[in-house]
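Each protein sequence line maps, in turn, to chains U and E.
Just so we're aligned: the first sequence equals residues 1450 to 1694 in our numbering.
Just so we're aligned: the second sequence equals residues 1450 to 1694 in our numbering.
Have a look at the structure below, then the notes.
2 protein chains.
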Amino acid sequence: MRIKPNVPMAVQAAELLRNRLRRDYVNGGRLPGENVIASELGVSRGTVRQALAILEREGVILRQQGTGTFANPNVLGINARVDMAYEFTQLIEAAGFEAAIDTVEVRREAASADLAQRLGLATGDPVLTIHKIFLASGQRAIYVVEQLPTALVQSEYAESELTHPIFDFLDQRCHQRVDYIVSEIVPCVADQGLAEYLGIEPGQPILKFSEVFYSTSNAPLVLATVYFRDPLIRFHALRQLTTVT
Amino acid sequence: MRIKPNVPMAVQAAELLRNRLRRDYVNGGRLPGENVIASELGVSRGTVRQALAILEREGVILRQQGTGTFANPNVLGINARVDMAYEFTQLIEAAGFEAAIDTVEVRREAASADLAQRLGLATGDPVLTIHKIFLASGQRAIYVVEQLPTALVQSEYAESELTHPIFDFLDQRCHQRVDYIVSEIVPCVADQGLAEYLGIEPGQPILKFSEVFYSTSNAPLVLATVYFRDPLIRFHALRQLTTVT
């Protein structure tokens, strides 16, 4: 198993296992025992147990008392979950397309009253505004506007770094890690501008997420406004009703 | 603490605690110790510990090593979460309105090919189709179409029972419990019919959830198609990036 620094072993094992399940268990089936999985992944049994707990919480596997652990085809088939972390290129690839970034435009602006309120700034404080358009096999699929306070930036950077996922920039240039994201889900009708950005007709329905990223010390870092072309990128959510521990 | 049968103590304690936090800690603040909470709620310390684990997973509280457990105002303020269980009347009340059911219409129909495929039926199998409109302080807010196979129904029922939440009907008349719900999130533009159901103008954006309810034995039970009037009912999602255990 490849080891990423900063990412707990159990999370990495869960990711590996999730990908295997998607490949080999897409129609369901019973998983091998923890020992077998541990030796296949080259990790400890304790790590496997934690990884299985993560996947159970995600609904990807089901444990049935006395009979074992099963892949859940009803959840495994979903490729974009609104309640799980993702990067835009991953989303596009998971939907079966080739991902690319089309346009990136960076502006230095003054925070509007609304932005200031959402990020805990004063109106007029300087912010970096990054516009990106993501392509799915050549079609415009996602239009993103990310805004972050200039004051967060701790070191010199090249403009090209802003084309990378914002998580990397926050980590490397702002020494900040994102702990969680609160996303407001808003249905929209494309106006002329949005229609052009996404290569669709005005009047088409669009899904908009208005997101605030919070740091590990619970401070707002970024406001992201994201428009997804429907049905090219379509989200799912999972609600578990009876799970407790 | 009031005791509901079938609902684990920790889940009930989490609900009580969540409501208290929403009332008393909406701007944040440090929680009292487990012992204090336990005696306030009249439950064991073990139950409090489990309840806190549930609330931590929901993002409602944050644990900071060495300093204690804190209410998270960024999450506490959210009243409709796409990743958490809800009933429509609860959603409406949480948004600050008075909830009522306006219309209920029940039809006996034959499953379409699409419905049959989604619920694991044969095309033409008999289904119950329940249309409901929910009001938020008198305004039409949610339009729901629930479809379930007639074959699920195990005992006689009065038509009026279908006005209650479908969970109750599934429990009492079908002896089925919902384990989880997979929800597809679709932005829509209201056509003439939808606009009339929701009391809005055609062309307005609408959020649609297309949902399959799965039983504790992982069988599909119900297809629900739900239209939410925006911005009257607006959903949020929480994505946690660094949480593991």
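By construction, the Cβ of each residue, glycine as well, lies at the ideal position given by its N, Cα and C atoms.
With 8 Å as the threshold, decide whether the Cβ of residue 1523(U) is near any Cβ in chain E. Numbered from its first residue, the first sequence carries residue 1523(U) at position 74. Residue 1523(U) counts as touching chain E.
If the cut-off is 7 Å on Cβ atoms, which residues from the segment 1529-1554 of chain E count as contacting chain U, listed in chain order? 1531, 1532, 1533, 1534
Proximity test, Cβ basis, 8 Å: residue 1694(U) and chain E: Counting from one through the first sequence, the residue named residue 1694(U) turns up at place 245. For residue 1694(U), the predicted structure reports a pLDDT of 37, less than 50, and the residue's modelled location is therefore unreliable. A value from the coordinates is still provided. For residue 1694(U), the answer is yes, since a Cβ of chain E falls inside 8 Å of its Cβ.
Across the segment 1549-1556 of chain U and the segment 1604-1612 of chain U, are there enough close Cβ pairs to call them in contact, namely three or more that are closer than 8 Å? yes
Ordered along the chain, which non-local residues of its own chain (more than five positions away) have a Cβ less than 6 Å from that of residue 1692(U)? What you label residue 1692(U) is simply residue 243 of the first sequence in a count that begins at 1. Confidence in residue 1692(U) is poor, its pLDDT being 48 and thus under 50, which makes the residue's placement unreliable; the coordinate value appears in the next sentence. Result list for residue 1692(U): empty, nothing under 6 Å.
Within this structure, are the beta carbons of residue 1526(E) and residue 1689(E) separated by less than 8 Å? For this step, residue 1526(E) is matched to residue 77 along the second sequence. For this step, residue 1689(E) is matched to residue 240 along the second sequence. Their beta carbons are not under 8 Å apart, which means residue 1526(E) does not touch residue 1689(E) by this criterion.
Does the Cβ-Cβ distance between residue 1658(E) and residue 1682(E) come in under 8 Å? Walking along the second sequence from the start, residue 1658(E) turns up at place 209. Walking along the second sequence from the start, residue 1682(E) turns up at place 233. For residue 1658(E) and residue 1682(E), no; Cβs fall outside 8 Å.
Residue 1626(U) lies in the beta strand (DSSP E); which residues open and close that run? For the purposes of this step, residue 1626(U) is identified with residue 177 of the first sequence, where counting begins at 1. Taken as a continuous stretch (DSSP letters only), residue 1626(U) belongs to no beta strand (DSSP E), as it is neither H nor E.
Just to confirm before moving on: does the CB-CB distance between residue 1519(U) and residue 1467(U) stay below 8 Å? Locating residue 1519(U) in the first sequence gives position 70, counting from the first residue. Locating residue 1467(U) in the first sequence gives position 18, counting from the first residue. Contact: no.
Residues of chain U with CB under 9 Å from residue 1656(E), in chain order? Reading the second sequence from its first residue, position 207 is the one you call residue 1656(E). Here the neighbours are 1634, 1635, 1636, 1656.
Give, in chain order, every unbroken run of the beta strand (DSSP E) that is at least 3 residues long and sits entirely within the segment 1581-1614 of chain E. 1588-1598
Does residue 1520(U) come within less than 8 Å of chain E when only Cβ atoms are used? Counting from 1 along the first sequence, the entry for residue 1520(U) is found at position 71. It does not: the Cβ of residue 1520(U) has no partner Cβ on chain E nearer than 8 Å.
Cβ of residue 1663(U) within 8 Å of Cβ of residue 1670(U)? Here the question's residue 1663(U) lines up with position 214 in the first sequence. Here the question's residue 1670(U) lines up with position 221 in the first sequence. A contact, by the Cβ cut-off of 8 Å.
Proximal chain U residues relative to residue 1501(E), where beta-carbon distance stays under 9 Å: Residue numbering aside, residue 1501(E) sits at position 52 when the second sequence is read from its first letter. None at all; the shortest Cβ gap to chain U is about 13 Å.
Exposed or buried, residue 1589(U), counting other C-beta atoms within 10 Å across all chains shown (16 or more means buried)? Numbered from 1 along the first sequence, position 140 holds the residue referred to as residue 1589(U). With 16 or more other Cβ atoms inside 10 Å of its own Cβ, residue 1589(U) counts as buried.
Scan the segment 1659-1689 of chain E for residues whose Cβ lies nearer than 7 Å to a Cβ of chain U and list them as they occur along the chain. 1663, 1665, 1667, 1679, 1683, 1684, 1685, 1686, 1687, 1688, 1689
So, does the segment 1458-1467 of chain U touch the segment 1491-1499 of chain U, judging by three or more C-beta pairs under 8 Å? yes
Cβ contact check for the segment 1595-1610 of chain E and the segment 1551-1570 of chain E: 3 or more pairs under 8 Å: yes
Residue 1656(U) - partner residues in DSSP beta bridges: Within the first sequence, numbered from 1, the residue matching residue 1656(U) stands at position 207. In the DSSP output, where bridge partners are listed per residue, residue 1656(U) has 1636(U), 1677(U).
Residue 1560(E) (DSSP reduced to helix, strand or coil): Position 111 of the second sequence, counted from the start, is the residue given in the question as residue 1560(E). Coil, per DSSP.
Let me confirm a value: residue 1481(U) is counted as buried when at least 16 other C-beta atoms fall within 10 Å, else exposed. Which label applies? As a position in the first sequence, residue 1481(U) is number 32, starting the count at 1. Around the CB of residue 1481(U), fewer than 16 other CB atoms lie within 10 Å, so the residue is classed as exposed.
Compute the beta-carbon to beta-carbon distance between residue 1661(U) and residue 1643(U), rounded to the nearest angstrom, for a pair I have assumed lies under 8 Å. As a first step, residue 1661(U) is located in the first sequence; it is residue number 212 there, counting from the start. As a first step, residue 1643(U) is located in the first sequence; it is residue number 194 there, counting from the start. With 8 Å as the limit, residue 1661(U) and residue 1643(U) do not qualify as a contact, their Cβ atoms being about 21 Å apart.
List, in chain order, every chain U residue whose beta-carbon is nearer than 8 Å to that of residue 1511(E). Against the second sequence, residue 1511(E) aligns to sequence position 62. In chain order: 1667.
Those residues which DSSP pairs with residue 1464(E) across a bridge: Walking along the second sequence from the start, residue 1464(E) turns up at place 15. In DSSP, residue 1464(E) forms no bridge with anything.
Considering only their Cβ atoms, is the gap separating residue 1582(E) from residue 1646(E) smaller than 8 Å? Your numbering for residue 1646(E) matches position 197 in the second sequence. Your numbering for residue 1582(E) matches position 133 in the second sequence. Yes, Cβ-Cβ distance for residue 1646(E) and residue 1582(E) is below 8 Å.
Beta-carbon neighbours of residue 1527(U), restricted to chain E and to distances below 9 Å: Sequence index remark: in the first sequence, residue 1527(U) carries index 78 (1-based). Residues of chain E passing the Cβ test: 1631, 1633.
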